[in-house]
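S.K.:
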Amino acid sequence: MNPFALMMFLTSLAIGTITTLSSHHWLLAWIGLEINTLALLPVMTKMPHPRAIEAATKYFLTQATASALMLFSCLINALQTGEWDINTPHNLMTNPLSLAIMMKLGLAPLHFWLPEVLQGISLSTGLILSTWQKIPPMILMFQISHSIDLGLMVIMGLTSVLTGGWGGMGQTQLRKIMAFSSIGHLGWIILILKLNPQLSLLSFILYIIMTTAMFLSLITLSTTKMSQISASWTKNPALTTTTMLILLSLAGLPPLTGFLPKLLITLELIKQNMMIFATLTMLTSLLSLFFYLRLTYIIALTLSPNTHNSTTTWRTPMKYPLTPAIINVMALTLLPLTPTFLLM
1 MNPFALMMFL
11 TSLAIGTITT
21 LSSHHWLLAW
31 IGLEINTLAL
41 LPVMTKMPHP
51 RAIEAATKYF
61 LTQATASALM
71 LFSCLINALQ
81 TGEWDINTPH
91 NLMTNPLSLA
101 IMMKLGLAPL
111 HFWLPEVLQG
121 ISLSTGLILS
131 TWQKIPPMIL
141 MFQISHSIDL
151 GLMVIMGLTS
161 VLTGGWGGMG
171 QTQLRKIMAF
181 SSIGHLGWII
191 LILKLNPQLS
201 LLSFILYIIM
211 TTAMFLSLIT
221 LSTTKMSQIS
231 ASWTKNPALT
241 TTTMLILLSL
251 AGLPPLTGFL
261 PKLLITLELI
271 KQNMMIFATL
281 TMLTSLLSLF
291 FYLRLTYIIA
301 LTLSPNTHNS
311 TTTWRTPMKY
321 PLTPAIINVM
331 ALTLLPLTPT
341 FLLM
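For the sequence shown, UniProt numbering gives the first residue as 1, with consecutive numbering after it.
(1) Cβ atoms of Leu123 and Leu218: under 7 Å apart, would you say?
(2) Rounded to whole angstroms, what is the Cα-Cα separation between Leu38 and Phe9?
(3) Taking the beta carbon of Phe180 as the centre, do at least 16 other beta carbons fall within 10 Å, making it buried, or is it exposed?
(4) My assumption, with CB atoms under 8 Å, is that Ser141 sits in contact with Phe291. Please give the rounded CB distance.
(5) Does the beta-carbon of Gln119 have 16 or more other beta-carbons within 10 angstroms, so that it is buried, or is it exposed?
(6) If I'm right that Thr257 touches Ala325 with Cβ under 8 Å, what's the distance once you round it to whole angstroms?
(7) Run the CB neighbour count on Ser133, radius 10 Å, all protein chains shown included, and call it buried at 16 or more, exposed below.
(8) Between the Cα of Met156 and the Cα atoms of His146, Glu116, Ser98 and Leu129, which residue gives the shortest distance?
(9) If we count the other Cβ atoms within 10 Å of its Cβ and call it buried at 16 or more, is Lys262 buried or exposed?
(10) Taking the alpha carbon of Met214 as the point to measure from, which residue in Arg175, Leu199 and Leu195 has its own alpha carbon closest?
(11) Alpha carbon to alpha carbon, how far is Ala68 from Cys94? Give it in angstroms, no decimals.
(12) Once you ignore the five residues that flank Ile53 on each side, which residues in its own chain have a CB closer than 7 Å to its CB?
(13) Measuring CB to CB, does Thr65 end up less than 7 Å from Ala108?
(14) To which residues of the same chain is Ser232 closer than 7 Å at the C-beta, ignoring the five residues directly before and after it?
(15) Which two residues bound the contiguous alpha helix (DSSP H) that contains Lys225?
(16) Is Ala278 near Thr266, with beta carbons less than 7 Å apart?
(17) Quick one, which of Leu337, Asn196, Thr163 and Leu199 has its alpha-carbon nearest Ser182's?
(18) Relative to the C-alpha of Leu193, which candidate in His111, Gly151 and Pro237 has its C-alpha closest?
(19) Should Gln171 be labelled buried (16 or more other beta-carbon atoms within 10 Å of its own) or exposed?
(20) Once the 5 residues before and after Met1 are set aside, which same chain residues still bring their CB inside 7 Å of it?
(21) Quick check on His185: does DSSP put it in helix, strand or coil?
(22) Are Pro136 and Thr62 close, meaning C-beta to C-beta below 7 Å?
(23) Between the alpha carbons of Thr281 and Pro3, how many angstroms are there, rounded?
(24) Under the rule that 16 or more other beta-carbon atoms within 10 Å means buried, what is Lys104, buried or exposed?
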């Protein structure tokens, strides 16, 4: 793709996100989401492959459906209340509106588009879709969290955690695994959103850090399948080791960063006397732990049969080694800062 065109599309992405983040008016927020969607479509199809075209078409149709439902809900809301302000109290259209935003996020059971779209695009575009594109709808969810029905949030959260674990178990494609990992993590965030929005924001930031670290590692190692990642040790042993640790961090194992949001969310659910939901969430997250551990096993404990006999080991060249290094360190070592986050 032409660098000037790519820069223009990425600038449009930033403008759409800033428009949604800074707006108090539903129409402006909707316009920002539309700019975001339309700016990402050409980036998805920068490689003219049939899978990329199919992924972009599925993404466009799903986002258009969610946008139509969102605009319809906003119009009915404006007819009922006489205002377009985002922070309106709970009314008849709050639940359809939140369902439209959840469809944009890819929460279960409105998640069917996300694994297929992520599988059909490149890793760099998948990084944008899994992190940057989640920011505007998630900020809207934060803004209307006080008026959303708690039962709807809990059901969507539990369903997403279950789907994220169950769907990723039989996958061999790393992009699909990351898609189901995204669904599971967003389920944890949505589950606690109405009870403690600040904790949800912290969990969302940590999710973005860990997902960015994982995608940057996969981009550097040029791996999209399990069979390729098992042969990555000879390319870059240090990065392969940190990739394995990032997978364990995504699984939520101590003493890594991923344990922090799961610990705090479980404690918050127990504090709110939701013991049953806390237990169900932890049990369903064991499903996702299985496929993270399977990936870790393939990376660390299996040796690829195509190792060479050369004494000089070939290494993967890294253009900008500082960025993955900083993100990887953050994705692994933020757990000791838990008391600081609690004070904040």
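Glycine residues also receive a C-beta, built at the ideal position from the N, C-alpha and C atoms.
M.R.: This is what the structure holds:
(1) yes
(2) 9 Å
(3) When all chains shown are included, Phe180 counts as buried.
(4) With the sequence shown as reference, residue 141 is identified as Met, and Ser is not the correct amino acid for it. Contact flag wrong, Cβ pair sits at about 27 Å.
(5) If you draw a 10 Å sphere on the C-beta of Gln119, you find 16 or more other C-beta atoms in it, and that means buried.
(6) Actually they do not touch by this definition, with Cβ atoms about 15 Å apart.
(7) Sequence check: residue 133 is Gln here, not Ser. Burial state of Gln133 is buried, judged by a 10 Å Cβ sphere holding 16 or more other Cβ atoms.
(8) Ser98
(9) By the 10 Å Cβ count, Lys262 comes out buried.
(10) Arg175
(11) A small correction: the amino acid at residue 94 is Thr; Cys does not occupy that position in the sequence shown. Taking the straight line joining both Cα atoms gives about 15 Å.
(12) Thr45
(13) No, the Cβ-Cβ distance between Thr65 and Ala108 is not below 7 Å.
(14) Leu221, Thr223 and Thr240
(15) Counting along the chain, Lys225 falls outside any alpha helix (DSSP H), and DSSP gives it neither H nor E.
(16) yes
(17) Nearest C-alpha to Ser182 among Leu337, Asn196, Thr163 and Leu199: Thr163.
(18) Gly151
(19) buried
(20) Lys46
(21) In the three-state DSSP reduction, His185 falls in the helix class (H, G or I).
(22) Thr62 sits away from Pro136, with the two beta carbons spaced by 7 Å or more.
(23) 44 Å
(24) buried
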